[in-house]
Amino acid sequence: MPDAVKYAERFEWERIVRRIVLPLPVKCLALVLATYADPDGSRVRPGVPVLADVTGQSQRTINRQLSSLRRMQLIEMTRRGGGRGAKGKASEYQLTIPADLLDTRTLLSPGERLDSHATWMAPQSRPDSRTHPVDNSDSHATWMTPQCEPVTAIETPHGGASESIETPNDHFETPPGWHSTNHIHQPPRACARETTHLDGYYPTEVPTAYARASARDPPTHTNFSHSRRRK
Numbered sequence: 063m064p065d066a067v068k069y070a071e072r073f074e075w076e077r078i079v080r081r082i083v084l085p086l087p088v089k090c091l092a093l094v095l096a097t098y099a100d101p102d103g104s105r106v107r108p109g110v111p112v113l114a115d116v117t118g119q120s121q122r123t124i125n126r127q128l129s130s131l132r133r134m135q136l137i138e139m140t141r142r143g144g145g146r147g148a149k150g151k152a153s154e155y156q157l158t159i160p161a162d163l164l165d166t167r168t169l170l171s172p173g174e175r176l177d178s179h180a181t182w183m184a185p186q187s188r189p190d191s192r193t194h195p196v197d198n199s200d201s202h203a204t205w206m207t208p209q210c211e212p213v214t215a216i217e218t219p220h221g222g223a224s225e226s227i228e229t230p231n232d233h234f235e236t237p238p239g240w241h242s243t244n245h246i247h248q249p250p251r252a253c254a255r256e257t258t259h260l261d262g263y264y265p266t267e268v269p270t271a272y273a274r275a276s277a278r279d280p281p282t283h284t285n286f287s288h289s290r291r292r293k
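In my numbering, the protein residues as written are 63 to 293.
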């Protein structure tokens with residue numbers, strides 16, 4: 063056994079492999095490989111065809127992943143299989159742990175979690191220079207410009223002409239801390255009346271019912287001259 067590695071028991075080796083940051087297919091093969099080991103981590107010889115069927119990968123991929131584990135000194139070949147006189151025999155491996163594991167590999171924390179040193183951060187994209195952030199730090203209230211309602215024509219009594227008076231919409235948002243008040247005084251609504259102009263005296267209000275009755279029933283005049291003649 064080389065001085066740079068040491069033999070490891072199966073369960074100790076499994077705990078270490080779980081903490082090593084490895085590509086998923088390689089870690090999957092390593093953990094499957096450990097299930098064929100003796101308690102002392104020796105006599106690992108399932109064979110490449112068996113590992114290919116168990117993991118669902120090709121034999122070529124299995125051979126490549128076994129070579130990766132050997133380069134990382136996580137396994138050591140103790141007996142080569144195949145060849146003349148050994149046809150049909152699988153290679154045998156021993157589970158090992160390299161002495162410089164902490165210096166060459168990234169490991170999870172003892173609780174098998176990524177710490178601040180082992181966390182891989184994806185590079186952050188630079189902000190687009192064409193876009194500019196909007197500073198809304200000073201905008202504590204939203205102000206709305208009062209919207210005017212449609213112009214209302216009001217008939218004035220003296221000139222006879224109509225004046226246009228714009229009444230602003232009193233529905234606006236009150237800033238925080240202000241009292242909700244309305245300083246726009248609306249004129250009282252006038253009742254519908256009929257007006258008439260008599261010899262410059264203006265206005266004269268005539269009740270509507272009386273005016274209609276007068277129009278329907280004109281006054282009758284008594285002929286006093288005819289009655290005198292009869293007397």
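Even for Gly, the Cβ is constructed at its ideal location relative to N, Cα and C.
According to the neighbour-count rule (16 or more other Cβ atoms, all chains shown, within 10 Å of its Cβ), is Val83 buried or exposed?
exposed
Pro55 to Arg81, Cα distance in whole Å?
One cannot answer for residue 55 here, as it falls past the ends of the chain, which runs 63 to 293.
Do you know offhand how far Val112's Cα is from Gln119's?
10 Å
Contacting residues, own chain, Cβ-Cβ under 7 Å from Gly103 (five flanking each side not counted)
Tyr69, Ala70, Glu71, Arg72, Trp75, Gln156, Leu157
Kindly indicate which three-state DSSP category Thr158 falls into: helix, strand or coil?
strand
Give the straight-line distance between the Cα atoms of Pro97 and Gln127, rounded to the nearest whole angstrom.
At residue 97 the sequence reads Thr, which differs from the Pro that was named. Whole-angstrom Cα-Cα distance: 17 Å.
Where the alpha helix (DSSP H) through Lys68 begins and ends
Run containing Lys68: none in the alpha helix (DSSP H); it sits in the beta strand (DSSP E), 67-69.
Give me the residue from Gln135, Arg77, Ala66 with the minimum Cα distance to Gly173.
Arg77
Contained alpha helix (DSSP H) runs [length at least 4] in the stretch 108-138, N- to C-terminal order:
110-117, 121-133
Identify every residue that forms a DSSP beta bridge with Leu176.
Leu176 pairs with nothing; no bridge assigned.
Are Glu137 and Leu86 closer than 9 Å when you measure CB to CB?
Sequence check: residue 137 is Ile here, not Glu. Against a cut-off of 9 Å, the Cβ pair of Leu86 and Ile137 comes out as no contact.
Beta-carbon contacts of Ser7 that lie in its chain and below 7 Å, excluding the five residues immediately before and after
Lying outside 63 to 293, the shown extent of the chain, residue 7 is not represented and no answer is given.
Using three-state DSSP, classify Thr97 as helix, strand or coil.
coil
For the ligand NAD, any of its heavy atoms closer than 8 Å to the Cβ of Val67?
Although the ligand NAD was asked about, the structure shown includes no ligands whatsoever.
Please look up how many angstroms separate the CB atoms of Gln135 and Val67, rounded, as I've assumed it's under 8 Å.
5 Å
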